[in-house]
Structure formats: C-alpha cells, structure tokens
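Working notes, structure below.
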Amino acid sequence: MLAQQKQEIIALFQAALAPVLAGTTLTPSVVLERPRDASHGDVACNIAMQLAKQLKQNPRELAQTIVSAVLANPAGKGLIEAVEIAGPGFINVRVSNAAKQAVVKTILSEADSYGRSTAGAGKQVILEFVSANPTGPLHVGHGRQAALGDALSSLFDAQGYQVTREFYYNDAGVQIQTLANSVQARARGFKPGDAEWPEPAYNGDYIADIANDFKAGKTVSASDGLPATANGNIDDIDSIRPFAVTYLRNEQDIDLQAFGVKFDNYYLESSLYADGKVNSAVETLIKAGHTYEQDGALWLRTTDFGDDKDRVMRKTDGTYTYFVPDVAYHLVKWQRGFVQAINIQGSDHHGTIARVRAGLQAVDMGIPQGYPDYVLHKMVTVMKDGEEVKISKRAGSYVTVRDLIEWSGGGDIAKGRDAVRFFLISRKADTEFVFDVDVALKTTDENPVYYVQYAHARICRILENWGGDENTVAGIDLSPLTAPTEATLLATLAAYPETLARAQAELGPHQVAFYLRDLAANLHSFYFAEKVLVEDDAVKMARLALVIAARQVLRNGLALIGVSAPNKM
0 MLAQQKQEII
10 ALFQAALAPV
20 LAGTTLTPSV
30 VLERPRDASH
40 GDVACNIAMQ
50 LAKQLKQNPR
60 ELAQTIVSAV
70 LANPAGKGLI
80 EAVEIAGPGF
90 INVRVSNAAK
100 QAVVKTILSE
110 ADSYGRSTAG
120 AGKQVILEFV
130 SANPTGPLHV
140 GHGRQAALGD
150 ALSSLFDAQG
160 YQVTREFYYN
170 DAGVQIQTLA
180 NSVQARARGF
190 KPGDAEWPEP
200 AYNGDYIADI
210 ANDFKAGKTV
220 SASDGLPATA
230 NGNIDDIDSI
240 RPFAVTYLRN
250 EQDIDLQAFG
260 VKFDNYYLES
270 SLYADGKVNS
280 AVETLIKAGH
290 TYEQDGALWL
300 RTTDFGDDKD
310 RVMRKTDGTY
320 TYFVPDVAYH
330 LVKWQRGFVQ
340 AINIQGSDHH
350 GTIARVRAGL
360 QAVDMGIPQG
370 YPDYVLHKMV
380 TVMKDGEEVK
390 ISKRAGSYVT
400 VRDLIEWSGG
410 GDIAKGRDAV
420 RFFLISRKAD
430 TEFVFDVDVA
440 LKTTDENPVY
450 YVQYAHARIC
460 RILENWGGDE
470 NTVAGIDLSP
480 LTAPTEATLL
490 ATLAAYPETL
500 ARAQAELGPH
510 QVAFYLRDLA
520 ANLHSFYFAE
530 KVLVEDDAVK
540 MARLALVIAA
550 RQVLRNGLAL
560 IGVSAPNKM
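0 is the number of the first residue of the sequence shown in numbering that gives the first Met the number 0; add one for each residue after it.
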C-alpha cells in the first residue's frame, strides 16, 4: 500500500473517532499494521480495543461505530473495498483493486525517484566506515564495512539527508612504525623467517613490492594527498615510512574503486596531532573537571558516564592511549556540524563505544549520550572449493577484498563486485556470515544476486519480445490486474518506499536485500503463472505496465546497494 493511501485511511479513522472523542481529552494515534494473515485484509487497526476501557464501552461495539463512520465517509470511495471486525475488536480493512493497482502509475511516473523521500531534508549525517590502517590491503572485514556503509549512506540519501561518507586513516602509532620496519627489512634483502626479520612485522608479498618501488625511487599518490617520492636510501626510515603509507593508501583506493565505493572525505589521525586537536580535547576534559592524576598517569572518570571503570588517557611516558584520539576525532565531527554520526566497524570495537561516548559527554558541550551511533558487524568466513580460505599469498595472513571480487566473478571484476556487495549486506550486520565463493559463481536460484538480477533480465526479455513503445503504457487501464500473483506483486511494489524508510531508521541495509529477493520471487511466480504477451490486448498492456514497474523497482533497489541490473544474463 502506498504511503499516501495509508495516510488517507488514517484520516478516515480520525474523522470517525472525532464524535466519539468529543468532550474528552483523549488524543490517540491511529496505527495501521499489516495483518499476520493476508486473508484478513490489507491493514488492521486495534484503536477500538485501545480506547474501549477509557471510554467505558464494549470494544466490538466501539469498533462497529468506527467502521460505520468509515464506510459512510465519501472520502473513502474508490480506496476502501470493505471494513470488517474480527475477534474482540480488531478492525481489518480491505483496499480496493483500483487502489492497489495505482502503485504501477506512481512508479512509472516517479521512475528513478520512486522510493525516495524528503523526510531527512535539511539534516546532515556523517557515516564513517572501512577506516583501515594503511598497513596492508583491505581484508574481507573491510569489504563488509564498505558494503554496509555505502548501502546505509545511500539509504540516508534516499530519505533526503545530506550525507558525508568519511574514511578515517589510522596513520599514527606503533603499527605505522612496524610497517616501515618491515619494508626496510625487505629492502635490505631479508624475508620472513630470516634471523634478521623484525618482530613484529607484516609478512605479505606486498611488503616486497613496496620495498622494490622504494629502491627504484618511484612516486606514489593517494586519492586525496600529496605524492610521495622515494629517495631510494634504505637506511632512511623517515623516508620509507611516508612512502609505504602513501603506497598502501593508493592500493586501498584501487580496492575501493574495484568495489564501487567512493568517499567524500578522508581524515588522517596524524592531522589530529598536527593540528593540536588531541591536546585541545585533553585540555577541555581537564578544565571540565572529569580527569585526575594517579600513579603518574592522567585518568578520565568515565565511570561518571556509564563506563565500568575509569580509563587512562595519558600514560606515564607521556603518550596517549588509543581512545583519546578517537574522542578528539568525534569531537571534531560534532564541531563540524554533524549532529548525527554513524560508525560502521567490526564487533571487536565494542569495548571502545562506552569510552568514546563517555569522553564526549565529559567535554560538557551538550553532545547527546548516544553519540555516535554504531553499526557493528561480525566476521566473514570465506569458503572456496568446499574449504575455508584463511590466507592470501599477497596479504600473507588474510583474504583480501580484491581476492574475493576476483574469485566471485571468475575473473570478471564487475560480476564479482555485484556478488560481493549483495552477499555482504544480505545478512544482519551483527550475525556472522559465511561467504561461499562457489555459490557466488552459480547461475541458479541458489545464488541470490543472480536470482534478483535474472528477474530484471527476464523482464527485459519480455519487453524485447513485445517490441512496443514503453511510453504507451503510462495511461493504460490496470483493472485486469486481479490474479493472485498480480495482487502479490502489486503489494510488494507498493512496500518499497516503506522498506527503505524502515531500513534507514533501523540502520539495517540488509532489509533492502531481503526485499529484492522477495520482489524477484514474486516476479518469477507471476511469470510462471500468468503469460504477459497474450492475445487480449487490455490484459497484455496491463501486464506490460506491471512488469515495467517491477523492472524499475528492481533497478532502483539494486542501484541503492551498488549492484548492477543487467538486461541479459
């Protein structure tokens, strides 16, 4: 049911309640829900049961009063077919066939805009995701973040928000020195296993690639930064370090491009120190009176804000603990005007949530208690040829996003990208996911992305066989669309806008994947039950309008999650 139709039904109920509530202070909200059993109607309302006790009336009698008024209201003509009372006072509403069929003309009229809303107009939101250390290629966990973060960003955009996608680079700290030491060791001719090989170190083949390019004096650039040119001096660790970081940032840029993910902004952790943001945040916390000195360290009273124990901010050696720059970074987000911030991270970051939020509360700047929001995802297990894959030769200790894209497409990057992006949002983020490469390569119903894309291609083939002008279906009479599979398909198409709104509100992009699978299933069922290109011209044209509308919604939904809609399979 279209949102406008739902609002019209709510208005009918409110008008029916007006004389009932006259003289009282009651202002109930009318809520329409989908019945668990579709045979009971299109929407249900329990307002009579809610108000019966307060009005001291029998709920069924009250329901009958409401139903009579709704049916008598001329505003419901053409919208409502029947209103029935069930059980102790439930009110079930059946919408007319014409109202159900109206979704087709709405879709044909709105086209790419169908499903979009202005609910978030004037609001801005920042989503931070991937945010990998520039110490190696992106792994499959980063891939899940990229798929989730980009789809969620698109959901907010579809609701009218001004969206900023941000990548936070952890380019400061011990891991960067470990990277530099690893590259230097490779440049000196050592390899993992040698007595001279440093510990800790990064052992993947990519370290040798960086070392060779450094010795060759090459220049590398990341998407948003200044180029770094190697001086070739393998003893100059201060030259190796920025070259290695920029090299890997460029590698990650290439991975993200292959994945079809673009960011609006890159934020460097090192800039927080260079610009004095970390020191400023610490001074603000000290002035706010939420810190204390103990055993030569500076502590933050995070227990005052719900943490299970106070946390060290500045260690005895004068360096900051890792959550301090996180607090500074999110303070900067707030100061940049982002009153809503969402972080998509691995579940291993769960322990930092309370600390970061406590630190933001402690600055006493009016930041909400739940700031920022978090979407935490669990690990991805990769299966290939019936066995778990844990190691990539290039990365050394994990499967990379690039590996997964290449494997899942059989060497076809575009096909692999579609499979990986769809698969990685096809489950709730907080559930572990087994990515089976063998399934991703299948051209059967077992492969969910193939199943959905084939629905789109099937419609394209129907239209190709028809050979007519699609523009001629806009004003077609849709009354022939009364078959059960047609009614189901119409209802599914009408549910798309509400699905997007709910997925955005619940930070659950997996709901879009669920929806697309349902839509594809209903399209396939319709295809096998009802022939489109029949001799009866009125039926044929109505069904052509229906499948064109279905193709549009499939395109819209797939585009939102970054997956293509091929015309042929």
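For each residue, glycine too, the CB sits at the ideal point set by N, CA and C.
Whole angstroms is fine: what's the gap from residue i's alpha carbon to residue j's?
i	j	result
T245	Q183	15 Å
G172	Y319	10 Å
E505	N232	53 Å
I9	G88	17 Å
Q144	D429	12 Å
T163	L151	11 Å
L61	A490	30 Å
N91	P371	41 Å
H348	W298	21 Å
Y526	D435	29 Å
Q4	N249	50 Å
G114	D235	56 Å
Q452	F262	26 Å
L267	A418	31 Å
Y205	G135	8 Å
R457	A520	12 Å
T218	S238	12 Å
R354	L375	16 Å
A257	D208	20 Å
Q174	S130	14 Å
Using a threshold of 8 Å, state whether the C-beta atoms of residue i and residue j are closer than that.
i	j	result
L545	V511	no
D170	A221	no
L126	G148	yes
H329	R426	no
V562	V448	yes
L499	V103	no
Y265	F166	yes
K276	V323	no
P34	M48	no
T481	E431	no
R300	D294	no
H455	A564	yes
A85	R93	no
R401	D212	no
S116	A68	no
Where do the N-terminal and C-terminal ends of the beta strand (DSSP E) with residue i fall, by residue?
i	result
L137	Taken as a continuous stretch (DSSP letters only), L137 belongs to no beta strand (DSSP E), as it is neither H nor E.
K383	V379 to K383
T290	T290 to Q293
V260	Segment: none, V260 is in no beta strand (DSSP E) and carries neither H nor E.
L375	D372 to H376
A580	The chain is shown only over 0 to 568; residue 580 falls outside these bounds and no answer can be derived.
N91	F89 to V94
T163	Q161 to Y168
A552	For the sequence presented, residue 552 should be read as Val rather than Ala. Taken as a continuous stretch (DSSP letters only), V552 belongs to no beta strand (DSSP E), being part of the alpha helix (DSSP H) at D536 to L559.
Short of 8 Å in beta carbon distance, which residues of its chain neighbour residue i, apart from the five on each side in sequence? Order them along the chain.
i	result
V438	E445 and N446
N409	Just to set this straight, residue 409 is Gly in the shown sequence, not Asn. Counting only Cβ-Cβ distances below 8 Å, and skipping sequence neighbours, we find G415 and L440.
V29	I9, F12, Q13, L16, C44 and I46
T484	N521, S524, F525, A528 and E529
L403	V139, G142, V381, G415, V419, F434 and V436
I412	A257, I404 and E405
Among residues of its own chain, excluding the 5 on either side of residue i, which ones have a beta-carbon nearer than 7 Å to its beta-carbon?
i	result
N278	none
A120	G159
G336	Q123
P197	N180, S181 and A184
A502	L154, P508, Q510 and V511
Tell me where the alpha helix (DSSP H) around residue i begins and ends.
i	result
A490	P483 to A493
H349	H349 to A361
G345	From DSSP, G345 is part of no alpha helix (DSSP H) but of the beta strand (DSSP E) over Q339 to G345.
I65	P58 to A71
E505	Segment: none, E505 is in no alpha helix (DSSP H) and carries neither H nor E.
Say whether chain B places a C-beta atom closer than 8 Å to the C-beta of residue i.
i	result
A418	Here chain B cannot be found, since the structure has a single protein chain.
I'd like the list of long-range same chain contacts for residue i, defined as Cβ closer than 6 Å, with 5 residues on each side in sequence excluded.
i	result
Q334	none
I343	F128, Q144, L147, G148 and V374
P191	N202
For a test of your reading of the model: does the CB of residue i fall under 7 Å from any non-hydrogen atom of the ligand GDP? Yes or no.
i	result
M364	In the structure on display, the ligand GDP does not appear, and there are no ligands present to speak of.
Query - Validate contact between the region 96-110 and the region 221-233 using beta carbons, cut 8 Å, 3 pairs - result: no
Query raised in the report: Would the region 547-559 and the region 513-533 be scored as touching if the rule is three or more Cβ pairs under 8 Å?
Result: yes
Query raised in the report: So does the region 18-32 actually touch the region 69-76, counting three or more Cβ pairs closer than 8 Å?
Result: no
Query - the region 351-366 / the region 304-319 touching (three or more Cβ pairs under 8 Å) - result: yes
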